[in-house]
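Chemist: Supplied in structure tokens, the structure appears directly below.
Here's what the structure looks like:
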């Protein structure tokens, strides 16, 4: 493993630990359209065994637990311990006993071969230093005929919030994910899936606006509960005010009254293990 890859994983782990408390409040509604469409593609069935990689606070896993029912089981894994703990607490509050969560690296899954009927990874693959290795792992843990359902952010030009990265990088090298939007290019995800040995690959795009009630909520989603949370935690107050102002200016074209309607794009993928 390269030094750069180790650094990126460390930033992801501790960055999402910092974002965990705010993530669900700031992002559940914004991601709901992509999540709904991904679940339609994945079509979890009663009795199936499902792995949810980069599970976060369990937004996908807990819904899938209902769909697979008492005869099925869902395992949610995430690199962030605090995200995993939040997901466990949500599952306990809902009284779900067919779902479990563990801290785990999506590129090195601690799961036996041919264990799952379905692997889901919603908006996690872009953060991994080696997404092709992650897809090989997804292939490995699937049973023959099992499905992989993926979602990544689309092209940078179609994601209005993407200005957060250069704004933060102008202050400090955030090292979040150098290839973040490359998986959103047409055919990029298809090529990775095929290289990992998956077949029947079907790719589709979903465009949906991200609604924010005001500038504070838009900034919190971008900085506090998102991928640059670790860099944000190290900024002093003057730097925070400066980057907030620049970000609000960058999304000002999508202002509606006090709020914002920022464009978003997702790429969804369904593939199968032969």
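Residue numbers (our numbering): 29 to 302.
Glycine included, each C-beta is placed from N, C-alpha and C at the ideal position.
Every value quoted in this text rests on a predicted model; they were computed, and no experiment measured them.
Just the C-alpha distance for residue 156 and residue 164, rounded to the nearest angstrom, thanks.
Modeler: One-based indexing of the chain shown puts residue 156 at position 128. One-based indexing of the chain shown puts residue 164 at position 136. Residue 156 and residue 164: Cα-Cα distance of roughly 13 Å.
Chemist: Pull up the DSSP beta-bridge partners for residue 235, would you.
Modeler: Residue numbering aside, residue 235 sits at position 207 when the chain shown is read from its first letter. 293, per the DSSP bridge assignment.
Chemist: Grab me the residues of residue 177's own chain with a C-beta within less than 6 Å of its C-beta, minus the 5 sequence neighbours each way, in chain order.
Modeler: Position 149 of the chain shown holds residue 177. Excluding residues within five positions, the ones whose Cβ falls inside 6 Å are 66, 69, 70, 148 and 298.
Chemist: From residue 223 to residue 102, what distance separates their C-alpha atoms?
Modeler: Taking the chain shown and counting its residues from 1, the one referred to as residue 223 is at position 195. Taking the chain shown and counting its residues from 1, the one referred to as residue 102 is at position 74. Using only the alpha carbons, I get a separation of about 27 Å.
Chemist: Name the DSSP beta bridge partners of residue 49, please?
Modeler: Sequence index remark: in the chain shown, residue 49 carries index 21 (1-based). Answer by DSSP bridge pairing: none, since residue 49 is not bridged.
Chemist: Can at least three beta-carbon pairs, one atom from the segment 122-133 and one from the segment 254-265, be found at a separation below 8 Å?
Modeler: They do not touch, by the three-pair rule.
Chemist: Excluding the 5 residues preceding and the 5 following residue 120 in the sequence, name in chain order all residues of the same chain whose CB lies nearer than 8 Å to its CB.
Modeler: Stepping through the chain shown from its first residue, residue 120 is reached at position 92. Nothing meets the Cβ criterion.
Chemist: Got a sec, what are the start and stop residues for the alpha helix (DSSP H) residue 145 sits in?
Modeler: One-based indexing of the chain shown puts residue 145 at position 117. Taken as a continuous stretch (DSSP letters only), residue 145 belongs to no alpha helix (DSSP H), being part of the beta strand (DSSP E) at 144-150.
Chemist: Taking 7 Å as the cut-off, is the beta-carbon of residue 70 closer than that to any non-hydrogen atom of the ligand ATP?
Modeler: Looking for the ligand ATP in the displayed structure turns up nothing, as the structure carries no ligands at all.
Chemist: DSSP state of residue 167, grouped into three classes?
Modeler: Here residue 167 is taken as the residue at index 139 of the chain shown, counted from 1. In the structure shown, residue 167 sits in a helix (DSSP, three-state: H, G or I).
Chemist: If you draw a straight line from the alpha carbon of residue 63 to that of residue 150, how long is it in whole angstroms?
Modeler: Position 35 of the chain shown, counted from the start, is the residue given in the question as residue 63. Position 122 of the chain shown, counted from the start, is the residue given in the question as residue 150. Approximately 7 Å between the Cα atoms of the pair.
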